[in-house]
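Numbering of the sequence shown is given in my numbering, commencing with residue -11 and proceeding in unit increments.
Take a look at the structure set out below.
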Amino acid sequence: MARTLRVDPAFYDLEFEPLTLRARDGVSLDAWFVPARGAARGAVLMHHHYGGQKAAMLPWIELFVDAGLDALAFDGRGHAGSPCSAEQDGYEARFGDVHAAAEALRARGARQIFGYGQSQGAAVVIGALAAERAAGARDIAGVIVDSGPAPLAGPSLYWLARTLFDDALPRPERALATLFATATLYRRTGPGLYALTLWRALVGLRQTPLLWLHGDSDVVIPHAAARVWFEACAPLSRGRWHKLLVEGAAHVECLQTDEARVAAAVHQLLAACAACP
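Next comes the structure, spelled out in structure tokens:
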């Protein structure tokens, strides 16, 4: 895991409120609530990538609040300021983190809730918001998927493990460490359940506006692998789903690589959702 970054929204001259969210299983989540600049048109909950943290999403927080959204970013369980291991809890258990964020936004009066997820954090957002929709929630307005998710667990976990050890170990030891880490992550994730749950959730969100962002230089979840879920499910959306392939962008670096195009795509999604109930 990356070390906890000692930076907060004040670095971007943003007002914010530190929060502690409580998932239904009792896990505490360290979070920030950052109000929109000007009148809020909705709210967005934000989940970082595996091994990430909310502080790494500060450029995205700034984009969202400038676009008129209240932002709620949290450290997922087992990451940075939040206890409990995300790997040991498995895929579906992490949905509780997103449910807690959604409930916190509703308590503050949000009528339109967007989800933003990075990499496998996007898989959690997709699964949780699809479950919210299936349970009757009418306030899920849209989803932004950044650099993911992997349609199958195995390849993604291999590439993740490989990046953890790049240049940190000599080649023979690196190969063995990668295989060991992949097997460990694979066992804890529950790959069969992951694939079934993710694909069912994607179909469940077919009527929800969705923006998929991906870099053509992503080696953690290569574009060729990630596009499988989009190309399979986008036709079911009847034009509600859109994608933006960012030239030269590495994993979760779409915004940093081409801020103008990414911001324009986000604003287009928000405009399309303006009349959502």
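Backbone N, C-alpha and C define an ideal beta-carbon position, used for all residues, glycine too.
Annotation: ARG121 to LEU2 spans about 31 Å, alpha carbon to alpha carbon. Apart from the 5 residues on each side of it in sequence, VAL234 sits with its Cβ closer than 6 Å to the Cβ of GLY203, CYS242, THR245, ASP246 in its chain, given in chain order. In this structure, the beta-carbon distance from ALA59 to PHE102 does not fall below 7 Å. In this chain, the alpha helix (DSSP H) harbouring PRO47 covers 46 to 54. Excluding the 5 residues flanking it on each side, LEU7 has same chain C-beta neighbours closer than 6 Å at ALA19, PHE21, in chain order.
Distance between PRO210 and TYR38, taken at the CA atoms: about 16 Å. Per the coordinates, the alpha-carbon of HIS87 lies some 7 Å from the alpha-carbon of ALA11. Per DSSP, the unbroken alpha helix (DSSP H) holding ILE114 starts and ends at 108 to 122. Between the region 133 to 140 and the region 192 to 202 there are three or more C-beta pairs closer than 8 Å, enough to call the two in contact.
When GLN195, THR185, ASP206 are compared, the shortest CA-CA separation from CYS261 is found for GLN195. Across the set ARG29, HIS36, LYS42, GLY227, the C-alpha of LYS42 shows the shortest separation from the C-alpha of PHE4. Counting the other CB atoms within 10 Å of its CB gives ARG226 a total below 16, which places it among the exposed residues. Taking 7 Å as the cut-off, the Cβ atoms of LEU257 and TRP217 do not count as close. Per DSSP, reduced to three states, the secondary structure at GLU235 is coil, with no helix or strand assignment. The Cβ atoms of GLU50 and TYR104 do not sit closer than 7 Å to each other.
According to DSSP, TRP200 shares a beta bridge with VAL133, LYS231. Here ASP85 carries a helix assignment [DSSP, helix/strand/coil]. The beta carbon of GLY115 sits closer than 6 Å to those of PHE83, THR185, ALA189, all from its chain and outside the five residues before and after it, given in chain order.
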